[in-house]
């Protein structure tokens, strides 16, 4: 499952973070929306059902989620949407889904399948459009070893924070002539500083001792150079 939206829960930061409006049951933060220990009775949540649910019709996705939140004692009312790029004729409009997330401040979203070719000819996927619509700029992934599971690397505990609204995620490319493709990587000072500040704030709040900026400024001296300089500042 992907968790898409704009909130923090106690002890956990959701995968996508972006600005949101003030709502009952929580408070506005710079990164997004923060709930109290538990949402109030009837907190409405956007539920994005994906293509896997459509293929596996015997699987009641919404019923399973209801069972989980009830077992956890979380009072949540879902506002379901089927959101798909593979089945565009059945998919809810992007504006409706984005509006629900902005209105409710939280979304539980299934993984969206991306077809090899868009039926509209656009390069941006639905995931990209949703991120840009809501300015979900920070992708936060916690990579941690699980006790009792044998793997090559033990005691791994890292947080990967990635800017996902510009750079390679700009989806700006075209074929100049047959066999020649031009791809634009957009880097701005404003968004580079924003993701750097988010990373340092996250490290401070979660007792992380070091922030590492991953870049290729030795080759892309202007683009990644601007990103690195923004992080250093």
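Numbering (the UniProt record's numbering), first residue to last: 1 to 233. Beta carbons: idealized from backbone N, C-alpha and C, even for Gly.
Neighbourhood of residue i by C-beta distance below 8 Å, restricted to the same chain and skipping five residues each side
| i | result |
| --- | --- |
| residue 145 | 151, 153, 154, 155, 156, 157 |
| residue 38 | Low per-residue confidence applies at residue 38: pLDDT is 40, beneath 50, and the placement is therefore not dependable enough to give any value. |
| residue 209 | 203 |
Cβ-Cβ distance between residue i and residue j below 8 Å
| i | j | result |
| --- | --- | --- |
| residue 202 | residue 163 | no |
| residue 98 | residue 134 | yes |
| residue 174 | residue 182 | yes |
| residue 192 | residue 226 | yes |
| residue 140 | residue 111 | no |
| residue 115 | residue 79 | no |
| residue 240 | residue 211 | The first residue shown for the chain is 1 and the last is 233, placing residue 240 beyond what the model contains. |
| residue 82 | residue 90 | yes |
CA-to-CA distance, residue j to residue i, given in whole angstroms
| i | j | result |
| --- | --- | --- |
| residue 96 | residue 148 | 44 Å |
| residue 123 | residue 222 | 25 Å |
| residue 104 | residue 118 | 29 Å |
| residue 131 | residue 100 | 14 Å |
| residue 186 | residue 71 | 45 Å |
| residue 87 | residue 66 | 25 Å |
| residue 129 | residue 206 | 30 Å |
Simplified DSSP assignment, three categories, for residue i
| i | result |
| --- | --- |
| residue 152 | coil |
| residue 76 | strand |
| residue 219 | coil |
| residue 92 | coil |
| residue 171 | strand |
| residue 69 | helix |
| residue 158 | strand |
| residue 64 | helix |
Buried or exposed by the 16-neighbour rule on C-beta atoms within 10 Å, applied to residue i
| i | result |
| --- | --- |
| residue 165 | buried |
| residue 63 | exposed |
| residue 176 | exposed |
| residue 94 | exposed |
Contact set for residue i: own chain, Cβ-Cβ below 6 Å, skip 5 residues either direction
| i | result |
| --- | --- |
| residue 69 | 76 |
Nonlocal neighbours in the same chain, by C-beta distance under 7 Å from residue i, ignoring five residues either side
| i | result |
| --- | --- |
| residue 241 | This structure cannot speak to residue 241, because the chain is shown only from 1 to 233. |
| residue 196 | 230, 231 |
| residue 215 | 224, 227, 228 |
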